[in-house]
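Okay, structure first, notes after.
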Amino acid sequence: MQRRFRGPPTAVIVLVAAVIQVMGTLFAAARQPDHRPLDLLAFVLLLLGPAALSLRRRAPLAMLPVAALATGAYLALGYPWGPVVLSFALALILTAAAGKRALAWTVAGIGAVALGIGSVGSGDETALVRGFAGTSWLAILVLLGEGLRLRGERVAERHRQRETAEQAARDEYRLALARDIHDVVAHSLSLINVRASVALHLGEKDPAQFRPALETIKAASKESLAEVRQLLGVLREDAPFQPPRQPSLARVPELVDNARRAGLDVRLAADPSGQGIPDTIQEAAYRIVQE
């Protein structure tokens, strides 16, 4: 899963680059009287580079070529040096970080060739050193953008894995709830059926037993409906994720009380605290007693 490098807001990048590039060049030009004086065209080129950065979202393929042409034209016309390559450097980094690797390396290669031709043509040894340094600088900028891209992809992959794990936990949670719904409904219907059969049997001899039996059936059905409604409520997609309450041996006395109210002769021989017993075994034992 590829995730593009977002970075700071585009407006902030454009504004900061424009201020640094224009103001820095103004200060640097004062110490370079042998270069062509800054004129209207120079300021247009100085602002065109930062303006190209505004295309990083709308037209990312045009951002780097525009910034490169503005910087190259400024330097080719003999204007003073300064932080004039800032917008080009940012465009190169952002292009590589956005995954446009071919474009970034192509422009960097063209820049390296231009620097090499200029260094060899000058015949100055220091120019050769500057050309080599400039070529290395271009490669470092592209690699920096690649690093930002890889970091974004790693963050996106971790986010995807976390979402997958959470979805798996939610699915397991809902499966457990579905099992609980089945157990609650089956147990409650069995209890109601037993109590109704007992009421019919005793009612023939003592009609006064009908009312307690009906009250027991009503209480059991009401409790079952409440549990089912609660379980169905958490099955919704927007329900908060909470681990379900797992049945345990500590809840066996509730089953015994319900069975006694239904008229069954059930006795609890020991206190089923369940201490030291794994949860999975406790749940299985509870389900066996419930059935």
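Remember, my numbering sits 346 above the position in the sequence shown when you count from 1. For glycine and all other residues, C-beta sits at the position ideal for the given N, C-alpha and C. Just so you know, these numbers come straight off a predicted model, no measurement behind them.
Just verifying my parser: in three-state terms, what is the DSSP assignment at V531?
Here V531 sits in helix by DSSP.
Any heavy atom of the ligand MN closer than 7 Å to the CB of S570?
This structure lacks the ligand MN; in fact it carries no ligand of any kind.
Start-end ranges of the alpha helix (DSSP H) lying completely within the region 432–460, minimum 4 residues
If you keep only unbroken alpha helix (DSSP H) runs of at least 4 residues inside the region 432–460, you get 432–443.
Measuring CB to CB, does L393 end up less than 8 Å from A364?
Taking 8 Å as the Cβ cut-off, L393 and A364 qualify as a contacting pair.
Rounding to the nearest angstrom, what Cα-Cα distance links T356 and L436 in this structure?
Going by the C-alpha atoms only, they are around 11 Å apart.
So for Y632, helix, strand or coil by DSSP?
DSSP places Y632 in helix when its eight states are reduced to three.
Between the region 436–452 and the region 421–428, are three or more C-beta pairs nearer than 8 Å?
These segments do not touch.
CB-CB under 8 Å to M347, same chain, minus the five flanking residues each way: which ones, in chain order?
Residue confidence for M347 is low, a pLDDT of 45 falling below 50, so the modelled location carries little weight; the figure read from the coordinates is stated next. Shown here for M347: same chain residues with a beta carbon closer than 8 Å to its own, the five before and five after excluded, namely E499, A502, E503 and R506 in chain order.
Is the region 408–417 in contact with the region 430–444, if contact means three or more CB pairs nearer than 8 Å?
Yes, they touch.
For the alpha helix (DSSP H) that contains I366, what are its first and last residues?
First-last of the alpha helix (DSSP H) with I366: T356 to A375.
Give the DSSP-derived three-state secondary structure of Q378 in the structure shown.
Shown here, Q378 sits in coil according to DSSP, grouped into three states, outside any helix or strand.
Closer than 7 Å by C-beta to R402: which residues in its own chain qualify, once you throw out the five before and the five after it? Chain order, please.
Around R402: T356, M409 and L440.
What's the C-alpha gap between V360 and A397?
V360 and A397 have their C-alpha atoms roughly 6 Å apart.
Does DSSP put Y425 in a helix, in a strand, or in coil?
Coil at Y425, not helix or strand.
Hey, how far is the Cα of D517 from the Cα of T510?
Spanning the two alpha carbons is a distance of roughly 10 Å.
What do you reckon, are the CB atoms on A374 and G462 nearer than 8 Å?
No, Cβ-Cβ distance for A374 and G462 is not below 8 Å.
What is the rounded straight-line gap between the Cα of A532 and the Cα of A524?
Their backbone Cα atoms lie some 12 Å apart in a straight line.
From the DSSP output, in three-state form, read off Q348 for me.
Model confidence at Q348 stands at a pLDDT of 47, short of 50, so the residue's coordinates are unreliable and nothing is read from them.
Going by beta carbon distance, what residues of the same chain come within less than 6 Å of L384, once the five residues before and after it are set aside?
If we look at L384 and ignore the five residues flanking it on each side, its Cβ neighbours are A375.
What first and last residue would you give for the alpha helix (DSSP H) that runs through A388?
For A388, the enclosing alpha helix (DSSP H) stretches over residues L386 to A398.
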